[in-house]
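Single-structure report; data block below.
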């Protein structure tokens with residue numbers, strides 16, 4: 001069985017090429033996966049939009065209704081970073097549905113990845129920081145609500161702290177949130193995860209991987225996790241314009257290998273989401289995101 005990958009062509013909401021959020025990375029990621037032989041018909045799964053009832057497990061009902069009806073107040077749109085029109089609304093619903101589907105596939109097959117997701121700045125009350133709905137938080141609450149999982153671990157290695165995920169899941173004893181991120185990066189006002197590790201500017205491969213290697217055994221010792229959501233943001237890369245850390249492509253690969261290998265060796269399912277990445281060289285950015293899928297495919 002090949003690595004199960006969840007995708008939808010409407011993950012690309014068609015932003016201008018000069019927008020700070022590089023929307024074209026989604027089709028370019030699919031091109032990269034096809035070039036690597038990872039996007040065969042028996043590997044690809046197409047998602048449906050997440051229904052409002054699932055979204056409202058994590059987000060305020062009025063905010064969900066505003067996104068679906070494309071009536072988000074301008075103040076909130078400014079905090080998100082773009083207007084929430086029909087394509088953005090659909091994209092947010094699809095990306096969230098994609099992470100839920102990937103989680104179900106991971107529980108069935110041991111590992112699966114969404115070609116979007118990791119929108120970890122969306123809080124209960126509203127979106128922020130290029131994040132409309134918090135797909136990992138929604139997926140966690142859906143699995144808990146259905147009884148498909150009782151103990152969930154979120155491993156968030158995006159360069160930005162997972163404030164929205166912490167906000168939504170802070171009162172959920174069935175979910176443990178871990179974020180390792182740049183100390184002096186967005187958001188300015190962080191919301192405490194169950195465990196946060198803040199790294200100084202310029203942290204490179206060796207220091208990053210040493211710190212990660214010490215924390216993974218601590219995480220796996222906390223509980224018998226039913227599933228791990230892994231946010232593999234590539235904005236920790238040295239060439240990312242919003243990152244301020246200094247990982248190389250090799251460092252990204254070693255990081256993904258370390259995380260996925262650790263939990264799969266324990267028999268714990270892993271659901272991968274791509275998280276952030278903001279380089280101006282978007283084909284290179286897509287290739288960095290493809291590393292998650294290359295590593296994950298060796299565990300399928």
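In the UniProt record's numbering, the protein residues as written are 1 to 300. Beta carbons are placed, not taken as given, at the ideal position from N, Cα and C, and that holds for glycine.
Checklist entry - If you scan the region 255-280 from start to end, which runs of the beta strand (DSSP E) of 3 or more residues do you find wholly inside it? => result 270-273
Checklist entry - Could you give the uninterrupted runs of the alpha helix (DSSP H) lying entirely in the region 53-127, keeping only those of 4 residues or more? => result 61-68, 74-80, 86-109
Next on the checklist: Can you tell me which residues form a DSSP beta bridge with residue 229?
Outcome noted: Mapped onto the chain shown, residue 229 falls at position 229. Answer is 154, 271.
Next on the checklist: As an exercise, report each continuous alpha helix (DSSP H) stretch of at least 4 residues that is fully enclosed by the region 18-55, in chain order.
Outcome noted: 25-35
Item to check | Which of helix, strand or coil DSSP assigns to residue 202 | outcome: Here the question's residue 202 lines up with position 202 in the chain shown. Here residue 202 sits in coil by DSSP.
Item to check | Opening and closing residue of the beta strand (DSSP E) in which residue 5 lies | outcome: Residue 5 sits at position 5 when you count from the first residue of the chain shown. It spans 4-7 - the beta strand (DSSP E) in which residue 5 sits, taken as one unbroken run.
Next on the checklist: I need the straight-line Cα distance from residue 175 to residue 141, nearest angstrom please.
Outcome noted: Mapped onto the chain shown, residue 175 falls at position 175. Mapped onto the chain shown, residue 141 falls at position 141. When rounded, the distance between both Cα atoms is 9 Å.
Next on the checklist: Considering only the alpha carbon of each residue, which of 42, 36, 16, 190 lies closest to residue 294?
Outcome noted: Residue mapping note: residue 294 aligns to position 294 of the chain shown, counting from 1. If we check each option's Cα against that of residue 294, 36 comes out closest.
Item to check | Beta carbon of residue 5 nearer than 8 Å to that of residue 45 | outcome: As a working mapping, residue 5 is identified with position 5 in the chain shown. As a working mapping, residue 45 is identified with position 45 in the chain shown. Result yes, Cβ atoms of residue 5 and residue 45 sit closer than 8 Å.
Checklist entry - Between 137, 90, 263, 23, which lies nearest to residue 226 when the distance is taken from Cα to Cα? => result Here the question's residue 226 lines up with position 226 in the chain shown. Residue 226 has its Cα closest to that of 263, out of 137, 90, 263, 23.
Checklist entry - In this structure, what does DSSP give as the bridge partners for residue 246? => result Translated into positions along the chain shown, residue 246 becomes position 246. Paired residue(s): 204.
Item to check | the region 237-253 touching the region 201-211, judged by at least three CB pairs closer than 8 Å | outcome: yes
Next on the checklist: Taking the straight line between their C-alpha atoms, what separation do you get for residue 132 and residue 125?
Outcome noted: Sequence index remark: in the chain shown, residue 132 carries index 132 (1-based). Sequence index remark: in the chain shown, residue 125 carries index 125 (1-based). Each residue's alpha carbon lies about 11 Å from the other.
Checklist entry - So, is residue 167 buried or exposed, given that buried needs 16 or more other C-beta atoms within 10 angstroms? => result Here residue 167 is taken as the residue at index 167 of the chain shown, counted from 1. Buried, by the Cβ-count rule.
Item to check | Range covered by the beta strand (DSSP E) that runs through residue 177 | outcome: As a first step, residue 177 is located in the chain shown; it is residue number 177 there, counting from the start. Looking at the DSSP string, the run of the beta strand (DSSP E) that includes residue 177 is 175-182.
Item to check | Among 182, 251, 265, 163, nearest to residue 217 - alpha-carbon criterion | outcome: For the purposes of this step, residue 217 is taken as residue 217 along the chain shown, with counting starting at 1. Measuring from the Cα of residue 217, the nearest candidate turns out to be 265.
Item to check | residue 197 in three-state terms, based on DSSP | outcome: For the purposes of this step, residue 197 is identified with residue 197 of the chain shown, where counting begins at 1. In the structure shown, residue 197 sits in a strand (DSSP, three-state: E or B).
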